[in-house]
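J.:
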Amino acid sequence: MAEMIDPFGRAINYLRVSVTDRCDFRCVYCMSEDMTFLPKAQILSLEELERVCDAFVRLGVRKLRMTGGEPLVRRNIISLFRGLSRHLKSGALDELTLTTNGSQLDRFAQDLADLGMRRINVSLDTLNPDKFAAITRWGKFDKVMAGLQAAKAAGLKVKINTVALKGVNDDEFDRMIAWCGDEGFDLTFIEVMPMGDIGGENRVDQYLPLSVLRGRLRENWTLEENDHKTGGPARYMSVRETGGRLGFITPMTHNFCESCNRVRLTCTGTLYMCLGQEDAADLRAPLRESDDDALLDGAIHDAIARKPKGHDFIIDRNHQGPAVGRHMSVTGG
Ligand code: SAM
Ligand code: SF4
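Positions -19 to 313 (the numbering used here) are the ones given, in order, by the sequence shown.
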């Protein structure tokens, strides 16, 4: 079996792919309202995206996560998933999955399940429709709720991702744990990360350390250590009262780099070896230069050989600018 091993001995077997930088929401911590999107010519076609994913699978990737922007707003995206699902059937891939804002799930959930997706991540920061409108600016709460029910009905396992925002949704976390328990969803809290210019919003104001949150949750819930590991930055616990799994993603206060097994591809074909660092490799040029995959495979190997040991996010209190200039919607979270 092919394997990609980086200079620190980590096997790289997980690729996250941002299939578009566009989105039908404008979440306050992710984008400014008048976000400028990339020119279409810079974006990889669905065929090109499939070719790069095929190369990564051939080189040892076992898990693909599609993200964005909002992956389900890209026209014909199901055709890409359909193409990639053949790797599930052949056994070359263990998992094909998706991170979505849920807005299009009522249309697509059954198709996704039919293609062999088993679990999806759905981002939802609040159960209050007014707050939902304030956070997402353009999102429709009822549509997301309908999407979640469609996912359940299609048999998809759902994990809710909630960004913890001080003074915005921090009075709702107990309710979210209870609701996820009732619905049979797992839940992960994410610390807000300093990525991309978001206009007038202030990240220091938004930042809520999850160590504080965990302490607060223990007043109402029995959190038990859970050895569930994904190779990712999440730490999982079990909530005894609901039986549900609760994760915490703490890129700011914890170092999870030692076990990092992933790289990220943007919709323009740029490969980031680390979420928190600027070094990147262009895969679009080798992809477009030749129909043969030798150049592409070579570029991927060169990139993995440069994967850094770790990252360093800092919300700068003096300058309050992003530590990493690109937006999460470009790198795909
Ligand atoms: N649009 C899809 C969604 O919202 O799930 C997929 C892309 S979105 C960029 C992926 C995840 O990144 C979402 O869970 C979102 O909440 C999270 N995210 C975006 N900006 C973030 C930030 N500055 N800090 C922490 N998480 C962020
Ligand atoms: Fe869109 Fe996801 Fe960013 Fe919200 S977090 S604006 S849904 S890409």
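From the three backbone atoms N, C-alpha and C, an ideal C-beta is built for every residue, glycine too.
Within 10 angstroms of the Cβ of Trp118, are there 16 or more other Cβ atoms? Answer buried if so, exposed if not.
T.: The residue is exposed, with fewer than 16 neighbouring Cβ atoms inside 10 Å.
J.: Taking the DSSP output, what are the residues bridged to Asp262?
T.: In the DSSP output, where bridge partners are listed per residue, Asp262 has Thr250.
J.: At which residue ranges does the region 140 to 209 contain complete beta strand (DSSP E) runs of 3 or more residues, listed in the order of the chain?
T.: If we require 3 residues or more, the beta strand (DSSP E) runs fully inside the region 140 to 209 come out as 166 to 171, 203 to 205.
J.: Is Glu13 near ligand 1 - that is, is its Cβ less than 7 Å away from at least one heavy atom of it?
T.: Glu13 Cβ: outside cutoff for every heavy atom of ligand 1.
J.: Name the residue from Ser239, Glu50, Ala260 whose alpha carbon lies nearest to the alpha carbon of Ile(-15).
T.: Per the Cα distances, Ser239.
J.: Between the region 79 to 93 and the region 27 to 42, are three or more C-beta pairs nearer than 8 Å?
T.: Touching, no, given that fewer than three Cβ pairs across the two stretches are closer than 8 Å.
J.: Output the distance between the C-alpha atoms of Leu167 and Asp272, rounded to the nearest integer angstrom.
T.: Distance between the alpha carbons of Leu167 and Asp272 is about 43 Å.
J.: Going by DSSP in three states, Ile58 sits in which element: helix, strand or coil?
T.: Of the three classes helix, strand and coil, the one that applies to Ile58 here is helix, per DSSP.
J.: Check whether the Cβ of Ile23 sits closer than 7 Å to any heavy atom of ligand 1, and report yes or no.
T.: Not under cutoff, so the answer is no.
J.: Keeping to the same chain, check which residues put their C-beta closer than 6 Å to that of Leu203; ignore five residues upstream and five downstream.
T.: For Leu203, where only same-chain residues beyond five positions count, the Cβ hits under 6 Å are Met217.
J.: Would you call Lys289 buried or exposed, if buried means 16 or more other Cβ atoms sit within 10 Å of its Cβ?
T.: Burial call: exposed.
J.: Taking only runs that begin and end inside the region 74 to 150, name each unbroken alpha helix (DSSP H) of 4 or more residues, in chain order.
T.: DSSP runs (the alpha helix (DSSP H)) wholly in the region 74 to 150: 85 to 94, 109 to 116, 121 to 133.
J.: Quick one: any contact between the region 131 to 149 and the region 101 to 116, if contact means 3 or more CB pairs under 8 Å?
T.: In short, these stretches touch, since the Cβ pair count reaches three.
J.: What alpha helix (DSSP H) runs, 4 residues minimum, are completely inside the region 18 to 69?
T.: For the region 18 to 69, whole alpha helix (DSSP H) runs of length 4 or above, ordered along the chain, are 26 to 39.
J.: If you drop the 5 nearest sequence neighbours on each side, which residues of the same chain put their C-beta closer than 7 Å to that of Gln186?
T.: Tyr9, Leu145, Lys146, Val172.
J.: Would you check if the region -9 to 10 and the region 52 to 60 touch, i.e. whether three or more CB-CB distances between them fall below 8 Å?
T.: Yes, the region 52 to 60 touches the region -9 to 10.
J.: If you check the beta carbons only, do Gly227 and Arg215 fall under 8 Å apart?
T.: Yes, they are a contact pair.
J.: With hydrogens ignored, establish whether the beta-carbon of Thr0 is closer than 7 Å to any heavy atom of ligand 4.
T.: As for ligand 4, it is missing from this structure, which binds only ligand 1 and ligand 2.
J.: In chain order, what residues of the same chain lie with their CB nearer than 7 Å to the CB of Met15, ignoring the 5 residues before and after it?
T.: Arg6.
J.: Do Lys111 and Ser83 have their C-beta atoms closer together than 8 Å?
T.: No, Cβ-Cβ distance for Lys111 and Ser83 is not below 8 Å.
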